[in-house]
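Heads up, the thing below is written out as structure tokens.
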Amino acid sequence: MAKSLQEQLLAAGLADKQKLKKATKEQKKQEHLQRTGQENAFDETKERAEAKRKEKAQRDRELNRQRDDDAQQKAIVAQIKQMVDNNRIVSEQGDIRYQFVQGKTVKHIYVDQAIWDRLSRGQLAITTHTSGFAVIPVPIAEKILQRRDNHFIAMADNTAGQLEDDDPYAAYQIPDDLMW
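Dropping the structure here:
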């Protein structure tokens, strides 16, 4: 007597008893649904479940993307903090007040004469730091702006020293900041 395909697969070891039972149960369920006319309702339930699964997967992908973006922003902030900490120029005897604009308000820090000169010539920049403001070199400020373009950096224009060729007042030096 010929064996059924299921029995042949079971004998060959390509299927196990659990898979056989599951397939048989599913086949009987489908036959029952076809006889009773409920097959369409079963298909609709499957479609709704599949739609919910796809919606959940999309929502999970969006949450993962937001989590990755947040982690990347935290990493950028940590990089900026580390760059400022490592390259910060500390004024030992800050007795000269250097003023700069942050937003719509005028802020100030106290620096020594050498740092004040370099700040006014545009060779140094000022950025926010955990303890207020920090003086950093311009190349570091440019690296910070590459990582985060909306980070506060105050920098003097160093174009004031470049004079035009036909300027009648080229021989006269005009100071950027007057000390009163």
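Using the working numbering, the letters of the sequence shown map in sequence onto residues -7 to 172.
The beta-carbon is built from N, C-alpha and C at its ideal position, and this holds for glycine as well.
Report yes if the C-beta of residue i is less than 7 Å from at least one heavy atom of the ligand NAD; otherwise report no.
{"i": "V82", "result": "Of ligands this structure carries none, so the ligand NAD is not represented either."}
Could you check what DSSP says for residue i in three-state terms: helix, strand or coil?
{"i": "K135", "result": "helix"}
{"i": "K48", "result": "helix"}
{"i": "K99", "result": "strand"}
{"i": "V130", "result": "helix"}
{"i": "A148", "result": "coil"}
{"i": "L25", "result": "helix"}
{"i": "A7", "result": "coil"}
{"i": "D62", "result": "helix"}
{"i": "N56", "result": "helix"}
{"i": "Q165", "result": "coil"}
{"i": "L155", "result": "Model confidence at L155 stands at a pLDDT of 47, short of 50, so the residue's coordinates are unreliable; what they give is reported in the following sentence. Three-state result, L155: coil."}
{"i": "K(-5)", "result": "coil"}
{"i": "R140", "result": "coil"}
How is the alpha helix (DSSP H) around residue i delimited, first residue to last?
{"i": "I107", "result": "Q105 to R113"}
Pull up the distance between the alpha-carbon of residue i and that of residue j, whole angstroms please.
{"i": "T122", "j": "K38", "result": "56 Å"}
{"i": "W108", "j": "I81", "result": "12 Å"}
{"i": "Q22", "j": "R40", "result": "18 Å"}
{"i": "V130", "j": "L116", "result": "5 Å"}
{"i": "K99", "j": "I132", "result": "21 Å"}
{"i": "F125", "j": "A63", "result": "25 Å"}
{"i": "R57", "j": "D77", "result": "30 Å"}
{"i": "R113", "j": "D149", "result": "7 Å"}
{"i": "Q0", "j": "K17", "result": "19 Å"}
{"i": "I72", "j": "K135", "result": "9 Å"}
{"i": "A67", "j": "Q74", "result": "10 Å"}
{"i": "Q(-2)", "j": "D35", "result": "26 Å"}
{"i": "R45", "j": "Q94", "result": "50 Å"}
{"i": "A146", "j": "Y90", "result": "11 Å"}
{"i": "H143", "j": "I128", "result": "14 Å"}
{"i": "K48", "j": "T120", "result": "41 Å"}
{"i": "A3", "j": "T28", "result": "35 Å"}
{"i": "L12", "j": "G5", "result": "12 Å"}
{"i": "D87", "j": "R110", "result": "15 Å"}
{"i": "Q26", "j": "S(-4)", "result": "24 Å"}
Give the range of the beta strand (DSSP E) segment to which residue i is assigned.
{"i": "T122", "result": "Element bounds for T122: n/a, residue is neither H nor E."}
Bridge partners for residue i per DSSP, in chain order?
{"i": "V93", "result": "V98"}
{"i": "L116", "result": "P129"}
{"i": "I88", "result": "V103"}
{"i": "I81", "result": "V127"}
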